[in-house]
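Asker: Respectively, the protein sequence lines represent chains A, B and C. Convert by adding 15 to the 1-based position in the first sequence; the result is the number in this note's numbering. Convert by adding 15 to the 1-based position in the second sequence; the result is the number in this note's numbering. Convert by adding 15 to the 1-based position in the third sequence; the result is the number in this note's numbering. Glycine included, each C-beta is placed from N, C-alpha and C at the ideal position.
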Amino acid sequence: MKTSTTFVFFFFHLLLVSLANSGMKRRYHPCRHLVFYFHDVVYNGQNDANATSAIVGAPQWGNLTILADKFHFGNVVVFDDPITLDNNFHSVPVGRAQGMYLYDTKYTWTAWLGFSFVFNSTQHKGTINFIGVDPLLVKTKDIIVVGGTGDFFMHRGIATINTDAFEGEVYFRLRVDIKFYECW
Amino acid sequence: MKTSTTFVFFFFHLLLVSLANSGMKRRYHPCRHLVFYFHDVVYNGQNDANATSAIVGAPQWGNLTILADKFHFGNVVVFDDPITLDNNFHSVPVGRAQGMYLYDTKYTWTAWLGFSFVFNSTQHKGTINFIGVDPLLVKTKDIIVVGGTGDFFMHRGIATINTDAFEGEVYFRLRVDIKFYECW
Amino acid sequence: MKTSTTFVFFFFHLLLVSLANSGMKRRYHPCRHLVFYFHDVVYNGQNDANATSAIVGAPQWGNLTILADKFHFGNVVVFDDPITLDNNFHSVPVGRAQGMYLYDTKYTWTAWLGFSFVFNSTQHKGTINFIGVDPLLVKTKDIIVVGGTGDFFMHRGIATINTDAFEGEVYFRLRVDIKFYECW
């Protein structure tokens, strides 16, 4: 009988300790994983019909139509880019990437991003919201997912972005690998 | 005695399971709920004294005083709007809504928002910080509450916004229904 | 024997209750604490070589080179400021503060901030991302840390900022006291 009680004690102790740890430790493997592409066509003064983004702010030395020197430092770009499931610009968009980026360095290509993915399809409804820094010359880089709405209610995580294609300074295609670590 | 020990075992097992579940499951009912209104008076070149916001960036085809075509695409607006508890513009403000929005679509009315509520009254002290997309023609839409300070320390949640009144393109009144799901 | 079982019962009950509490209650003492300084040199039309920031947007009544009246209301500034460990502008930078601020009040000095700290040193790798309101005349004020990447993966917290030195309207030095309350 004594043995039995002792067993119960240790058994629960084990359970409690593992429970306590599982509660405190965070899961480092994502609870949800999605990949998208989005396509940015910068307005250059002529491509009015196709452009998905435009420079809307620039410093005194800058230029609101053609792109400024000094790695475009200070240029503010507002965008509304189609999101596709594969890397084909002509695929049917599943949503829109909307927001802005700023070129924010004098010495290299770096952008500060604030934007949202907006979905309203049978597959996904809701928004995913991003903030972060994109050093353009680094192949893959992480920005943060600060939260979401709809299907992505209260989600948080990391998005790994990769400029997987570009044409001059007018077309950019970004691959976005989203890993959610808080899913609700 | 055997029975008693077995009872203890099952009793704790039940407790542990329910505890583990409660720890893992998230609460989908808000831990705090607040409603505010805020009032945006856009500078139109003449209303200098009353204006609470101004266009500060615009694309090449835009115009910093009167509003641009193409659904104002690219216009960047900075604002400092009074927050009231009811929908009366003349009520005593309980705080200020400060930040910016961008018109970010060529094809419809959509804005990307980044702003904060700043309170310093007997009722509320601190800030609530928001990010998200506002499709203006949709009656109610959700943006995210990324965090707060003071009374709203580390809070996260969802804000449902609703443009419940407007006059031309100069006055907008937004109702903001804030539901916090992480409260600390 | 009865006593022993009862003891086991109460012992576990105690454990369970304290565990439940610890799991539900949040820690109000930070899990990580860092202090940095960053240095902002605003472009004034002449200091091209040293400037770390530039006005890139302004309302109709504003001016993109010299600073506007009405407490600079509406001015949008993009920056790429060196981060140092002490308050010496000439110390070796440990990272860069990149992003933007908006002057967003007509009646006093207030800025809305959206920016990131970018580290790539032996000490820190990754980013910390901030949002918030800075009433410039208040000595210390809190903004929020919405998340991070790398060493600051999924971190959240509060940053207390303090303009601890300035020269005219060209040089600003900010002390940033970062307290993380979610550390992963």
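Nearest CA to the CA of D149 of chain B: which residue from A:P108, A:G114, A:G72 and A:Q61?
Answerer: A:G114
Asker: By alpha-carbon positions, which one of A:F88, A:F132 and A:L100 ends up nearest to Y122 of chain A?
Answerer: When each option's Cα is compared against that of Y122 of chain A, the closest is A:F88.
Asker: I want to verify the contact list: residues of chain B whose CB lies under 7 Å from the CB of A73 of chain C, in sequence order.
Answerer: V71
Asker: Along chain C, in chain order, which residues have C-beta atoms closer than 8 Å to that of Q113 of chain B?
Answerer: D119, T120, T125, W127 and V148
Asker: Below 8 Å on C-beta distance, what does R47 of chain C contact in chain B?
Answerer: Within chain B, no residue comes near R47 of chain C; the closest Cβ sits about 14 Å away, beyond 8 Å.
Asker: What is the residue span of the beta strand (DSSP E) that Y116 of chain A lies within?
Answerer: Looking at the DSSP string, the run of the beta strand (DSSP E) that includes Y116 of chain A is G110 to Y118.
Asker: If you drop the 5 nearest sequence neighbours on each side, which residues of the same chain put their C-beta closer than 6 Å to that of R103 of chain B?
Answerer: The amino acid occupying residue 103 of chain B in the given sequence is Asn; Arg does not appear at that position. So no residue of the chain qualifies.
Asker: What does the Cβ neighbour count give for H170 of chain B, buried or exposed, with the cut at 16 atoms within 10 Å?
Answerer: Classification of H170 of chain B: buried, given that the 10 Å Cβ count is 16 or more.
Asker: Three or more C-beta pairs under 8 Å: does that hold for the stretch 66-76 of chain C against the stretch 59-77 of chain B?
Answerer: yes
Asker: Just checking, does the stretch 137-145 of chain B make contact with the stretch 160-178 of chain A on the three C-beta pairs under 8 Å criterion?
Answerer: no
Asker: Where does L34 of chain A land, buried or exposed, given buried means 16+ other C-beta within 10 angstroms?
Answerer: In this prediction, L34 of chain A scores a pLDDT of 41, lower than 50, which makes its location untrustworthy; the coordinate-derived value is nonetheless stated afterwards. That one is buried.
Asker: Buried or exposed for A66 of chain B, going by 16 or more other Cβ atoms inside 10 Å?
Answerer: buried
Asker: I'd like to know if I176 of chain A contacts chain C, where contact means its C-beta is closer than 8 Å to some C-beta of that chain.
Answerer: no
Asker: Label M39 of chain A either buried or exposed according to how many other C-beta atoms from any shown protein chain fall within 10 Å of its C-beta, with 16 as the threshold for buried.
Answerer: Because M39 of chain A carries a pLDDT of 38, less than 50, the predicted location of this residue cannot be relied on, and no value is offered for it.
Asker: Compare the C-beta of R190 of chain A against all C-beta atoms of chain C and say whether one is closer than 8 Å.
Answerer: no
Asker: Excluding the 5 residues preceding and the 5 following V56 of chain A in the sequence, name in chain order all residues of the same chain whose CB lies nearer than 6 Å to its CB.
Answerer: Result list for V56 of chain A: N65, A66, T67 and Y186, in chain order.
Asker: Hey, does Y52 of chain B have any beta-carbon neighbour from chain C nearer than 8 Å?
Answerer: No, because no Cβ of chain C sits closer than 8 Å to the Cβ of Y52 of chain B.
Asker: What first and last residue would you give for the beta strand (DSSP E) that runs through Y52 of chain A?
Answerer: R47 to V56
Asker: Answer yes or no: does any C-beta atom of chain A fall closer than 8 Å to that of V57 of chain C?
Answerer: no
Asker: When you compare each of B:S136, B:E197, B:V92 and B:W76 to T120 of chain C by their alpha carbons, which one comes out closest?
Answerer: B:V92
Asker: CA-CA distance, H62 of chain C and F181 of chain C?
Answerer: The displayed chain sequence assigns Asn, not His, to residue 62 of chain C. Cα-Cα distance, rounded: 16 Å.
Asker: Note down, in chain order, every chain A residue with its Cβ under 9 Å from the Cβ of Y196 of chain B.
Answerer: F168, M169 and W199
Asker: Listing by chain order, which chain C residues have their CB less than 8 Å from the CB of G89 of chain A?
Answerer: A69, V71 and V93
Asker: Considering V161 of chain C, what are the terminal residues of the beta strand (DSSP E) in which it resides?
Answerer: V161 of chain C -> beta strand (DSSP E) spans K156 to G165.
Asker: Which residue wins for smallest C-alpha separation from R190 of chain C, given the options C:F51, C:P45 and C:C46?
Answerer: C:F51
Asker: Since V133 of chain B meets chain C, which of its residues come closer than 7 Å, beta carbon to beta carbon?
Answerer: V148
Asker: By the criterion of Cβ-Cβ separation under 8 Å, what are the contact partners of D96 of chain A in chain C?
Answerer: Neighbours of D96 of chain A in chain C, taken as residues whose beta carbon is under 8 Å from its own, are absent, since the nearest beta carbon is some 20 Å off.
Asker: Taking a contact to mean a Cβ-Cβ separation below 8 Å, would you say F195 of chain B touches G172 of chain B in this structure?
Answerer: yes
Asker: Shortest alpha-carbon distance to G60 of chain A belongs to which of A:P108, A:G141, A:P45 and A:E184?
Answerer: Distance check between G60 of chain A and each of A:P108, A:G141, A:P45 and A:E184 places A:E184 closest, using alpha-carbon atoms only.
Asker: Quick one: residues in its chain with C-beta nearer than 8 Å to the C-beta of V109 of chain A, no 5 flanking neighbours on either side, listed in chain order?
Answerer: F51, I98, T99, L100, F134, S136, Q138 and H139
Asker: Do you know how far the Cα of C46 of chain A is from the Cα of G77 of chain C?
Answerer: Answer to the nearest angstrom: the Cα atoms are 48 Å apart.
Asker: Measuring alpha carbon to alpha carbon, tell me which of C:T178, C:D95, C:A126 and C:T155 ends up nearest Y58 of chain C.
Answerer: C:D95
Asker: Could you work out which residue in B:D157, B:D84, B:D192 and B:F168 is closest to L128 of chain B when comparing CA atoms only?
Answerer: In this structure, B:D157 is the residue among B:D157, B:D84, B:D192 and B:F168 with its C-alpha nearest to the C-alpha of L128 of chain B.
Asker: Could you check where the beta strand (DSSP E) with L128 of chain B kicks off and where it finishes?
Answerer: T125 to N135
Asker: Taking the alpha-carbon positions, what's the Y43 of chain A to W199 of chain C distance?
Answerer: Roughly 9 Å between the two C-alpha positions.
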